[in-house]
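Student: Structure below; questions to follow.
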Amino acid sequence: MSDIDVFTIDDDFDPLAEIDIEPPTPEEQYVADYMPPIPDADKSIVPEPVALSPAERIDKLLAGMPGQKFRVLAVVQAADADKPRVAADIVADVDAAYPHTKSVYDTARLLRLLTEAGAVEGEGGEGDAPIVEQDEEICLTQDNFVVGEDGEEYLVVTDAAPATYRATDAGRAAVAHYLDAGALEAIIGEEPRYAPLYARIMSMVSADGGATTPQLNGAIDSDPLCAEPRRFCGYFIDKLETCGLIEWRDAWVVTDLGRAALATGVLDEF
Amino acid sequence: MTAQETTLIDVLEGRRATYQLLTRFFRTEVDEALLATLREMRFPAHTHEASMDRGHRLVVSYLSHADADVLTDLSRDFSGTFIGSGNDAYSAAYPFESVYTNPKRLMMQDARDEVLMLYRAAGLEKLESEKESEDHLSYELEFMTILIDRTIEALRKGDEVLAVSYLLQQRNFLEDHLLRWYPMMADDIAKFAKTAFYRGVGLIALGFLESDGEFLRDLLTDVEGEGEKEGEE
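Chains Y and W are the protein sequences, given in the same order.
The first sequence maps to residues 10 to 279 in this note's numbering.
The second sequence maps to residues 36 to 268 in this note's numbering.
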């Protein structure tokens, strides 16, 4: 007798035959079969944003990009007009005033950052089409709905009406604070003995074409006033530039603010 | 090819297009090309699926009011929503199955091994240029696209048995993977997304996956029913 005669396969054998199990419905199979264990799901919390006043937000923004401070303020100035202005006009004005900026932020982005900081406020453009659906997140006009060839209704994206912007009180206050013609007087007030040097620098940068760094170095570094403590021209240039009185445009040149500061006569006696 | 098969192919092509779009949404940030496509697209206004309807409205409304800086805004929101800046595993809607199927919310866990096995079984290998782990949402969605492609091909060749096996694979993958964890990620997207656009994308994906699951279940029940009837005859 071979093994094969001993072991026969009982095709009718069902191991679950004596166990009374109801097969799950398709819904149960889908829902309750396995739920991934996420015991700490409630930890998934979005932190509350830190509340800052518009003035604090503007200061933070300007401190974050010191090299672009005056360009950022120029955006606020461009938005400070009798009537709200469209973004394209503001961008055009600022880009004309700062044609060779090296910033990674284009002017449209700066306008957005200033809007978020509260220096500028924007008003969404109003289209002509009547609004048909609106809630806190959605605003759809009649133009957003079209009926297709199949008779079904579809949603389509429409062009946004251009938004307008205007400077806020906080934005104007920031401009007044940072673009202060009294800054030159304050600089001289800190170290009055250097007043003749500041007068010399301001005179040189006010000339046509401004003054190059070697020219200014030659005029300042060897002055006896710079001997003790040893000072170099960069020390004075830095102070003037930080206050927006002079700026670099392939040479050091006086700014409008610098001219206004000189017009106060604070350096006339030097 | 029967008229019924042609209709089914049309439906499958529609599903494939939606999966492709969702894959793109979750793969990288919106760029000029995708934005231009979205501006030209028509979104169904009434799908009988509340999440999808709401999602379509959010996306269309957001894009209809977006200014010139929209791409930067969306890029920023993409990073904030899907990458996050925290280190506690609860700071973003991480688009990985492992994160949502693991108590410690770790990446590269069992779920990744399982989908990797399925990809390999289907003869698929991730491109070297792709750096995310295999259980990334966009890869899982793309896997569905590939299975749909293969189904369409089988139907065009008249191989119904093969087409049904691909449909079964889709249903199983959807139920065993995407529908198991994506609803939880959708909740997190609603929590972390700052723009209506990504909140909308989250809802579109949720509504679509749920309705696609229903579609596949119904379709395969019909197919199985027909099979049984033929067997009896």
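Cβ coordinates follow ideal geometry from the N, Cα and C atoms, glycine included.
Are there three or more Cβ pairs, one per stretch, closer than 8 Å when the region 90-106 of chain W is compared with the region 236-245 of chain W?
Tutor: With the cut-off at 8 Å, the region 90-106 of chain W and the region 236-245 of chain W touch.
Student: Quick one: grab the DSSP three-state call for Gly-131(Y).
Tutor: Locating residue 131(Y) in the first sequence gives position 122, counting from the first residue. Of the three classes helix, strand and coil, the one that applies to Gly-131(Y) here is strand, per DSSP.
Student: Determine which residues share a DSSP beta bridge with Leu-149(Y) and list them.
Tutor: Stepping through the first sequence from its first residue, residue 149(Y) is reached at position 140. Glu-142(Y).
Student: Identify every residue that forms a DSSP beta bridge with Pro-279(W).
Tutor: Chain W is shown only over 36 to 268; residue 279(W) falls outside these bounds and no answer can be derived.
Student: Name the one or two DSSP bridge partners that Ile-255(Y) has.
Tutor: Translated into the one-based positions of the first sequence, residue 255(Y) becomes position 246. DSSP, once it has assigned bridges, lists Val-263(Y) as partnering Ile-255(Y).
Student: Put Tyr-135(W) into one of helix, strand or coil per three-state DSSP.
Tutor: In the second sequence, counting from the first residue as 1, residue 135(W) sits at position 100. DSSP places Tyr-135(W) in helix when its eight states are reduced to three.
Student: Give the single residue among Asp-66(W), Thr-186(W), Ser-200(W), Ala-240(W) whose Cα lies nearest to the Cα of Leu-43(W).
Tutor: Within the second sequence, residue 43(W) is the residue found at index 8, counting from 1. Nearest of Asp-66(W), Thr-186(W), Ser-200(W), Ala-240(W) to Leu-43(W), Cα basis: Thr-186(W).
Student: Val-95(W) touches chain Y at which residues, Cβ-Cβ below 8 Å?
Tutor: As a position in the second sequence, residue 95(W) is number 60, starting the count at 1. Here the neighbours are Leu-149, Asn-153, Leu-164, Val-165, Val-166.
Student: Using the DSSP secondary-structure output, state which residues sit across from Val-155(Y) in a beta bridge.
Tutor: Against the first sequence, residue 155(Y) aligns to sequence position 146. Note: Val-155(Y) sits in a beta bridge opposite Tyr-163(Y).
Student: So what does Lys-174(Y) bridge to, in DSSP terms?
Tutor: Numbered from its first residue, the first sequence carries residue 174(Y) at position 165. The sequence as given places Tyr at residue 174(Y); Lys does not occur at that position. The partner list for Tyr-174(Y) (beta bridge, DSSP) reads Arg-94(Y), Gly-131(Y).
Student: Please report how far the alpha carbon of Ala-190(Y) lies from the alpha carbon of Gly-274(Y), in whole angstroms.
Tutor: As a working note, residue 190(Y) is residue 181 in the first sequence. As a working note, residue 274(Y) is residue 265 in the first sequence. Cα to Cα, Ala-190(Y) sits roughly 11 Å from Gly-274(Y).
Student: Tell me whether Ser-126(W) is buried or exposed, calling it buried when 16 or more other Cβ atoms sit within 10 Å of its Cβ.
Tutor: Residue numbering aside, residue 126(W) sits at position 91 when the second sequence is read from its first letter. Result: buried.
Student: Looking at C-alpha atoms only, which residue of Val-184(Y), Asp-152(Y), Pro-58(Y) is the closest neighbour of Ala-87(Y)?
Tutor: Counting from 1 along the first sequence, the entry for residue 87(Y) is found at position 78. Cα-wise, what sits closest to Ala-87(Y) is Val-184(Y).
Student: To which residues of the same chain is Ala-117(Y) closer than 7 Å at the C-beta, ignoring the five residues directly before and after it?
Tutor: Numbered from its first residue, the first sequence carries residue 117(Y) at position 108. Cβ within range, chain order: Ala-96, Val-100.
Student: If you follow the alpha helix (DSSP H) that Ser-110(W) is in, where does it begin and where does it stop?
Tutor: As a working note, residue 110(W) is residue 75 in the second sequence. Ser-110(W) -> alpha helix (DSSP H) spans 105-117.
Student: Can at least three beta-carbon pairs, one atom from the region 130-137 of chain W and one from the region 170-183 of chain W, be found at a separation below 8 Å?
Tutor: Flag = yes, the region 130-137 of chain W and the region 170-183 of chain W touch.
Student: Given that Ser-173(W) touches chain Y, what residues does it touch there, using C-beta distances under 8 Å?
Tutor: Translated into positions along the second sequence, residue 173(W) becomes position 138. Correct list: empty, because the minimum Cβ distance to chain Y is about 20 Å.
Student: Assign Asp-253(W) to one of two classes, buried (16 or more other C-beta atoms within 10 Å of its C-beta) or exposed (fewer than that).
Tutor: As a first step, residue 253(W) must be located in the second sequence, where it is residue number 218. Classification for Asp-253(W): exposed.
Student: Along the region 166-193 of chain Y, where does the CB come closer than 9 Å to a CB of chain W? Name the residues.
Tutor: Of all residues in the region 166-193 of chain Y, Val-166, Thr-167, Asp-168, Ala-169, Ala-170, Pro-171, Ala-172 have a Cβ within less than 9 Å of some Cβ in chain W.
Student: To the nearest angstrom, how far is the alpha carbon of Pro-238(Y) from that of Ala-204(Y)?
Tutor: For the purposes of this step, residue 238(Y) is identified with residue 229 of the first sequence, where counting begins at 1. For the purposes of this step, residue 204(Y) is identified with residue 195 of the first sequence, where counting begins at 1. Taking the straight line from one Cα to the other gives about 16 Å.
Student: When the cut-off is 9 Å and only beta carbons count, does Gly-73(Y) lie next to chain W?
Tutor: For this step, residue 73(Y) is matched to residue 64 along the first sequence. So, not an interface residue.
Student: Ala-41(Y) to Glu-57(Y), Cα distance in whole Å?
Tutor: Counting from 1 along the first sequence, the entry for residue 41(Y) is found at position 32. Counting from 1 along the first sequence, the entry for residue 57(Y) is found at position 48. Interpretation of Ala-41(Y) is limited by its pLDDT of 46, a score under 50 that renders its predicted location unreliable; the figure taken from the coordinates is listed afterwards. Cα to Cα, the separation comes out at about 35 Å.
Student: If I measure Cβ to Cβ from Ser-11(Y) and keep anything under 7 Å in the same chain, skipping five residues before and after, which residues do I get?
Tutor: Translated into positions along the first sequence, residue 11(Y) becomes position 2. Unreliable placement is indicated for Ser-11(Y), whose pLDDT of 48 sits below 50; the coordinate value is still reported in the next sentence. The answer is none, since no qualifying residue turns up.
Student: Measuring straight from C-alpha to C-alpha, what distance separates Ala-52(W) and Leu-149(Y)?
Tutor: To locate residue 52(W), count along the second sequence from 1; it is residue 17. To locate residue 149(Y), count along the first sequence from 1; it is residue 140. Spanning the two alpha carbons is a distance of roughly 25 Å.
Student: What separation, rounded to the nearest whole angstrom, lies between the Cα atoms of His-83(W) and Asp-104(W)?
Tutor: As a working note, residue 83(W) is residue 48 in the second sequence. As a working note, residue 104(W) is residue 69 in the second sequence. If I take the Cα positions, the gap works out to 34 Å.
Student: Near Thr-221(Y), what residues of its chain come up, given a Cβ to Cβ distance below 8 Å and the 5 sequence neighbours on each side ignored?
Tutor: Taking the first residue of the first sequence as position 1, residue 221(Y) is located at position 212. Closer than 8 Å at Cβ, skipping near neighbours: Ala-260, Trp-261.
Student: Please state the DSSP three-state secondary structure of Ala-189(W).
Tutor: Looking up residue 189(W) in the second sequence gives position 154. Note: Ala-189(W) maps to helix in three-state DSSP.
Student: Once DSSP output is grouped into helix, strand and coil, what is the label at His-171(W)?
Tutor: To locate residue 171(W), count along the second sequence from 1; it is residue 136. Looking at His-171(W) - three-state DSSP - the assignment turns out to be strand.
Student: Let me see if you follow: with CB-CB separation under 9 Å, is Phe-78(W) close to chain Y or not?
Tutor: The residue you call residue 78(W) lines up with position 43 of the second sequence. Judged by the 9 Å Cβ criterion, Phe-78(W) is in contact with chain Y.
Student: Taking a Cβ distance cut-off of 8 Å, strictly less, list which residues of the region 128-146 of chain Y are near chain W, in chain order.
Tutor: Here the close residues are Gly-133, Glu-142, Glu-146.
Student: Please report the straight-line C-alpha distance between Glu-250(Y) and Val-85(Y), rounded to a whole angstrom.
Tutor: For this step, residue 250(Y) is matched to residue 241 along the first sequence. For this step, residue 85(Y) is matched to residue 76 along the first sequence. The straight-line gap from Cα to Cα measures roughly 19 Å.
Student: Beta carbon of Pro-63(Y), beta carbon of Thr-177(Y): below 9 Å?
Tutor: The sequence position of residue 63(Y) within the first sequence is 54, counting from 1. The sequence position of residue 177(Y) within the first sequence is 168, counting from 1. Contact: yes.
Student: Would you mind telling me which residues of chain W sit closer than 8 Å to Arg-118(Y), beta carbon to beta carbon, in chain order?
Tutor: For the purposes of this step, residue 118(Y) is identified with residue 109 of the first sequence, where counting begins at 1. Within chain W, the residues near Arg-118(Y) are Asp-104, Thr-107.
Student: Tell me the DSSP bridge mates of Ala-220(Y)?
Tutor: Here residue 220(Y) is taken as the residue at index 211 of the first sequence, counted from 1. DSSP output for Ala-220(Y) lists Trp-261(Y) as bridge partner(s).
Student: When the Cα of Met-179(W) is compared with those of Leu-214(W), Gln-205(W), Leu-159(W), Ala-231(W), which residue comes out closest?
Tutor: One-based indexing of the second sequence puts residue 179(W) at position 144. The residue with the shortest Cα to Cα distance from Met-179(W) is Gln-205(W).
Student: Beta-carbon separation of Phe-232(W) and Leu-153(W) under 9 Å?
Tutor: For the purposes of this step, residue 232(W) is identified with residue 197 of the second sequence, where counting begins at 1. For the purposes of this step, residue 153(W) is identified with residue 118 of the second sequence, where counting begins at 1. Not a contact, by the Cβ cut-off of 9 Å.
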